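A quick write-up on the structure given underneath.
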Amino acid sequence: MKNSSNKKKSFFLLIGVMMMGAVMRVPFTAIPAVLTDIAAGLGVSVSDLGILTSLPLVMFALCSSLAPGWAARLGLEKLLGLALLVMTAGSLLRIVGVAGLFLGTILIGISVAIINVLLPSLVSVHFPLKVGLYTTVYITMMGLAGTVGSMVAVPIVEASSWQTFVILLTLFVGLAALIWLPNWSYNHRFEQASKTTKQGSLLKNKAALIFGSLSTVVGR
């Protein structure tokens, strides 16, 4: 019975980690390919939307150092779940005019910053003997989803509209949030300040590398 429970726990955590990896990049990297269509649909110039590619990096800089403290108060799994819910809301908000596009992008940026900083901690807590394997899994999912999203963005927009594409992205993020629901009950908290500080510093360095790559891709 205990083995069955542990397998179920590992299954939901593994799928949840994979989905979080998948949604860490695609909400941003898929948008530049259809930015011209978005600008035309909103009646603005592409240059007016240029800052959209910078907002994720700004939100990361502002929120990454706060994420460990939020996790200490709310709990690791619960905060990650909330981040997915906020990301879902932010993604959908992007279809509601120019203001919604910018506000939604900010909310997504905050969510991605939280996940980017805390996901390595989650892997360390739940899979201490397989950190390398599970880290590789979610990084692979991040790259794969980002690539696929960029590839299908233009065909989908040409066949329908940019709003439809954003709604599809929202459904994908919403699926990740739904899959994560069983993991809310674990809710580990950071109780050792020194350990959290050290870990947070290491995570920020890793995250900086990831977002450095992200900025290069988005800027193309």
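Last residue of the sequence shown: number 220 in full-length UniProt numbering, and the count goes up by one each step with no gaps.
Every residue gets a Cβ at the ideal spot worked out from N, C-alpha and C, and that includes glycine.
For clarity, every value in this text was computed on a predicted model and none was experimentally measured.
One question on the structure: do residue i and residue j come within less than 8 Å of each other, judged by their Cβ atoms?
{"i": "residue 111", "j": "residue 90", "result": "yes"}
{"i": "residue 26", "j": "residue 146", "result": "yes"}
{"i": "residue 118", "j": "residue 71", "result": "yes"}
{"i": "residue 123", "j": "residue 17", "result": "yes"}
{"i": "residue 48", "j": "residue 39", "result": "yes"}
{"i": "residue 187", "j": "residue 50", "result": "no"}
{"i": "residue 222", "j": "residue 52", "result": "Since the displayed the chain opens at 1 and closes at 220, residue 222 lies outside it and no answer follows."}
Just tell me which of the options has its CA closest to the CA of residue i.
{"i": "residue 171", "options": "102, 87, 123", "result": "87"}
{"i": "residue 10", "options": "97, 189, 134, 139", "result": "134"}
{"i": "residue 96", "options": "59, 24, 164", "result": "164"}
{"i": "residue 189", "options": "61, 140, 73", "result": "73"}
{"i": "residue 222", "options": "144, 19, 109, 48", "result": "No answer is possible for residue 222: the residues shown for the chain start at 1 and end at 220."}
{"i": "residue 178", "options": "127, 80, 138, 140", "result": "80"}
{"i": "residue 92", "options": "130, 173, 129", "result": "173"}
Can you list, in chain order, the residues of its chain with a C-beta nearer than 7 Å to that of residue i? Leave out the 5 residues immediately preceding and following it.
{"i": "residue 94", "result": "100, 101, 104, 105, 166"}
{"i": "residue 142", "result": "21, 22, 24, 25"}
{"i": "residue 30", "result": "149, 150, 153, 169"}
{"i": "residue 59", "result": "106, 109, 110, 113"}
Who are the near neighbours of residue i in its chain, counting only those whose CB is closer than 6 Å to its CB and skipping five residues on each side?
{"i": "residue 114", "result": "67, 83"}
Which same chain residues, not among the five before or five after residue i, have their C-beta less than 8 Å away from its C-beta?
{"i": "residue 34", "result": "153, 154, 157, 162, 165"}
{"i": "residue 185", "result": "77"}
{"i": "residue 46", "result": "35, 36, 39"}
{"i": "residue 125", "result": "76, 188"}
Within 8 Å of any Cβ in chain D, is that where the Cβ of residue i sits?
{"i": "residue 82", "result": "No chain D is present in this structure, which holds just one protein chain."}
Enumerated in chain order, which unbroken segments of the alpha helix (DSSP H) with a length of 4 residues or greater are wholly contained in the region 155-193?
162-180
Return the chain-ordered ranges of every alpha helix (DSSP H) run that is complete within the region 82-137 and spans a minimum of 4 residues.
The region 82-137 contains these whole alpha helix (DSSP H) runs: 97-126.
Inside the region 20-53 only - alpha helix (DSSP H) runs reaching at least 4 residues
26-29, 35-42
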